[in-house]
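Numbering (this note's numbering), first residue to last: 902 to 1144.
What follows is a short report on a single structure.
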Amino acid sequence: MNEKMLKVIGERNCYALANSKIKTFGFKNAKGLILNRCEGQIDTGKMMESLMILVRKNNITILTGITVTNIFDTGFAAIIETDIAEFSAKKVVVAINGFAKQLLNIKDVNPARAQVLITKPIKGLKIKGSFHYQQGYYYFRNINNRLLFGGARNLDIKGETSTDFKITAQIQKDLEKKLKHMILPNTPFEIDQRWAGIMGVGSEKKPIIKLVSKNIIAAVRMGGMGVAIGSIVGKEAAELANE
Ligand SMILES: Cc1cc2nc3c(=O)[nH]c(=O)nc-3n(C[C@H](O)[C@H](O)[C@H](O)COP(=O)(O)OP(=O)(O)OC[C@H]3O[C@@H](n4cnc5c(N)ncnc54)[C@H](O)[C@@H]3O)c2cc1C
C-alpha cells in the first residue's frame, strides 16, 4: 500500500504500524493499529458551510426536506417526481450515494451503515492523528480535545446493510468497550453523542459516474471516501451533464 501511495502522492511510509504511539498515547491491546500520516483531518462542518456560501454566491436554490419518489427521462428532459410537486430539468445528476437503488436502475451500489460516537472534551487528551484498526473496520481520530470513534460494522454486515439512520446496542457497546479498554484505558471519558451515517459501497472501490439515460447522470458509490473525492466526482458529473 505504501508503494501505491508513493506513486500517487509522492510520500513514503504513509501507513505505519502505530507501535511507537502505543506508549505515547497510552493505548492498550492495540496490536496491529495503523497510523496514516498522510490523512487530513477535515472539519466537515466548515466544509459544508463553505459549500453553502459558494452555492448562495452563485444564486443556486437549495430545496431540503423533500423526498424524490421517482425520476424518469422523456428523451427531451428529466422529470423529477417528489412528495410535494413535479419538476422537470434539462439534465439531472442523481447523487444519493448509498440510496441509489431507490431511484436508479443500478445494481452495484449497496448501503453500508457506519456508526460513530464522540466523547465530551477530555482534559489533556494526548492522542493526535487518524488511526485505523482491523482492516479499516475501525477508525478513530481526535477532534481538538475530543475522541471520535467509529466502525464495527464487521460485527453485523447484514444488519448494517441498511439505509435506516439507526444506531444499535451491539455496535455501540463494542465501540465503547474498545474505547475504554484499548484507546483510552487510563483516561476517564463521557460519551457526548452517537449517530449513524450511510455510505454507498459496491464490488469496486471506485465511484460510478455515468449517464444512465440521455438526461440523467448517476454520481454514486463513494465507498466511504466521499468527503475526499466528492468534489472531483461532482466536477466529473457536471462535465457529463454539460456534454
Ligand atoms: C461514519 C462515516 C465516516 C466516514 N468517514 C469518511 C472519511 O473519513 N473520509 C471520507 O472521504 N469519507 C468518509 N465517509 C463517507 C462520506 O461521508 C460519504 O461518502 C459522503 O458523505 C457521500 O456524500 P454524498 O453527497 O455522495 O451522499 P450522502 O452524503 O449520503 O447524501 C445523499 C443525500 O441524499 C438524500 N436522499 C437519498 N434519497 C433521497 C430521495 N429519494 N429524495 C431526496 N433525498 C434523498 C439522503 O438523505 C442524503 O442526504 C464516512 C461516512 C460515514 C457514514
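A virtual CB, placed ideally from N, CA and C, is assigned to each residue, including glycine.
None of these values were measured; they are calculated from a predicted model.
* Take every Cβ of the region 998-1018, pair it with every Cβ of the region 1106-1126, and state whether three or more of those distances are shorter than 8 Å. => With the rule of 3 Cβ pairs closer than 8 Å, the region 998-1018 counts as touching the region 1106-1126.
* Asked: Taking Cβ positions only, does T968 come closer than 9 Å to chain B?
  -> The structure shown contains no chain B, having only a single protein chain.
* Do three or more CB pairs link the region 1115-1128 to the region 989-996 at distances below 8 Å? -> yes
* With a CB to CB cut of under 7 Å and the five nearest residues on each side skipped, what residues in its chain are close to M1083? -> F928, K929, N930, A931
* Can you grab the Cα-Cα spacing for the pair P1022 / I1044, in whole Å? => 9 Å
* Asked: What first and last residue would you give for the alpha helix (DSSP H) that runs through G1127?
  -> 1127-1143
* Asked: DSSP puts T1020 in a beta bridge; with which residues?
  -> I1092
* Asked: Along the chain, where does the alpha helix (DSSP H) that runs through R957 open and close?
  -> Element bounds for R957: 945-958.
* Nearest-angstrom beta carbon gap, T945 and T968 [assumed within contact, 8 Å] -> At roughly 24 Å, the Cβ-Cβ gap does not stay under 8 Å, so T968 and T945 are not in contact.
* Asked: Using a threshold of 8 Å, is the CB atom of R1014 nearer than that to any non-hydrogen atom of ligand 1?
  -> Yes, ligand 1 has a heavy atom inside 8 Å of this Cβ.
* Which same chain residues, not among the five before or five after R1047, have their C-beta less than 8 Å away from its C-beta? -> I1019, T1020, K1021, P1022, I1023, L1026, D1093
* Select from N914, K924, I923, T925 the residue whose C-alpha is nearest the C-alpha of N937. => N914
* Are the region 1051-1068 and the region 953-969 touching by the rule of at least three beta carbon pairs closer than 8 Å? -> no
* **Start-to-end residues for the beta strand (DSSP E) that takes in F973** => Per DSSP, the unbroken beta strand (DSSP E) holding F973 starts and ends at 969-974.
* Can you have a look at I1109 and say buried or exposed, based on whether 16 or more other CB atoms are within 10 angstroms of its CB? => buried
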